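Taking it in order: structure first as C-alpha cells, then the write-up.
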DNA sequence: ATATTATATTGCAATATTACGATGATTAAA
DNA sequence: TTTAATCATCGTAATATTGCAATATAATAT
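Protein chains in written order, with UniProt numbering: chain V, 1 to 111; chain G, 1 to 111.
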C-alpha cells in the first residue's frame with residue numbers, strides 16, 4: 001500500500017525514522033558535509049558541487065530544512081543555508097543514545 | 001525519474017545514505033530497539049510487538065540484514081536475529097564522526 | 001522600466017517503498 | 001506421515017521518492 005503505519009509506533013520512533021530518512025540520500029549527506037566544511041552555502045554552490053539540477057538541489061534543501069537540521073536566511077537575491085545548531089545537537093544526542101545502548105554481544109543469548 | 005544518481009557521490013556518501021535509509025522507517029527503528037533490549041528475537045516476536053503482518057516484518061528484517069546491522073541464525077523451525085557487533089560499531093563510528101565534525105555556529109559566517 | 005541573477009514551486013515521468021495475502025520451504029510435534 | 005509452526009518469497013496495489021524542465025517569484029543591476 002506504500003504508506004507507513006506511523007500510528008503503530010511511538011513519537012520518538014517516528015521522529016528518529018524521519019530524521020534518518022532525510023539523511024538517507026547521498027545528495028543530502030553531501031550537502032551536510034559541504035555545510036560542515038564551509039559553514040554556509042547557497043543553492044548555486046551546491047548545483048556546481050553536486051552536479052544535480054537547481055530544482056533538485058532546492059528540493060533536497062527543503063527536506064533538510066523541514067526536519068530542522070539546516071536553516072536558510074535570505075541574503076539579498078540568494079538564500080544562505082547553514083546547520084541549525086540546536087537541532088543538530090538534539091539529533092546527535094538521540095542517535096548517540098541509540099548507538100551507546102548496545103552492550104556488545106552476549107555470549108549466552110546472542111545468535 | 002525516481003532513481004538516485006549514485007554515480008555523482010562518493011562511496012562513503014552512498015554508504016552512509018544507504019544505512020540511514022534503512023533506519024529511516026519506524027518499524028526498523030522499533031526492531032533495533034527491541035533487539036537492544038532483548039538481545040535476540042524471532043520474526044513472530046516482532047509480529048506481536050509491532051502489529052505488522054508477518055510478511056512485512058520479514059521484509060524489514062531482510063533490509064536490516066542486507067545492510068549488515070543484524071544477523072540471523074536458523075534455530076530449529078525459527079530464525080534467531082541479533083545485532084551484528086562489528087557492523088554496529090562500524091556505523092556508530094561513521095555517524096559519530098559526522099556528528100562530531102560540527103564545531104558549532106560561527107558568528108562571522110553563519111546565517 | 002528592463003534585464004539579470006538566484007531560488008522556489010509546479011507538473012510530470014520513472015522508479016522505489018510499504019504492506020499484505022497467498023504460497024512454498026523447512027523443522028518440530030503428534 | 002500428517003499436522004502445526006515458523007519464516008521467506010512472490011505478486012500486487014497503493015503511495016512515496018527522485019529528478020528535471022518549465023515557470024513563478026523576488027532582489028539586484030543596468
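Where is the CB? At the ideal position from N, CA and C, for every residue including glycine.
Computed from a prediction, not measured in an experiment: that's the story for all the values here.
Alpha carbon of residue i to alpha carbon of residue j, nearest angstrom
i	j	result
residue 77 of chain G	residue 41 of chain G	13 angstroms
residue 58 of chain G	residue 62 of chain V	33 angstroms
residue 32 of chain G	residue 75 of chain V	42 angstroms
residue 38 of chain V	residue 105 of chain G	11 angstroms
residue 84 of chain G	residue 94 of chain G	16 angstroms
residue 53 of chain G	residue 3 of chain V	14 angstroms
residue 35 of chain G	residue 103 of chain V	11 angstroms
residue 135 of chain G	residue 79 of chain G	The structure shown has nothing for residue 135 of chain G, since chain G only spans 1 to 111.
residue 9 of chain V	residue 17 of chain V	10 angstroms
residue 7 of chain V	residue 27 of chain G	11 angstroms
residue 97 of chain V	residue 55 of chain V	36 angstroms
residue 71 of chain G	residue 50 of chain V	35 angstroms
residue 99 of chain V	residue 11 of chain V	19 angstroms
residue 81 of chain G	residue 73 of chain G	6 angstroms
residue 48 of chain V	residue 30 of chain V	12 angstroms
residue 1 of chain V	residue 91 of chain V	30 angstroms
Residue i: contacting residues in chain V (beta-carbon distance under 8 angstroms)
i	result
residue 14 of chain G	26
Partners in chain G for residue i, counting only beta-carbon separations shorter than 7 angstroms
i	result
residue 102 of chain V	36, 83 and 88
residue 92 of chain V	99
residue 29 of chain V	13, 16 and 17
DSSP bridge partner residues for residue i (one or two, in chain order)
i	result
residue 96 of chain G	Residue 96 of chain G pairs with nothing; no bridge assigned.
residue 81 of chain G	G:41 and G:72
Within chain V, the residues that residue i reaches when beta carbons sit closer than 9 angstroms
i	result
residue 43 of chain G	By Cβ distance, chain V contributes nothing, its closest Cβ being about 13 angstroms from residue 43 of chain G, past 9 angstroms.
residue 65 of chain G	Going along chain V, no residue has its Cβ under 9 angstroms from residue 65 of chain G, so there is no contact; the nearest lies around 12 angstroms.
Chain-ordered neighbours of residue i on chain G, where CB pairs are closer than 9 angstroms
i	result
residue 8 of chain V	26, 27, 30, 50, 51 and 52
residue 21 of chain V	20, 21, 23, 24 and 25
- Runs of alpha helix (DSSP H) lying entirely within the region 1 to 31 of chain G, each at least 4 residues, in chain order: 11 to 23
- Message: Count Cβ pairs between the region 15 to 24 of chain V and the region 67 to 74 of chain V that sit closer than 8 angstroms; are there 3 or more?
- Response: yes
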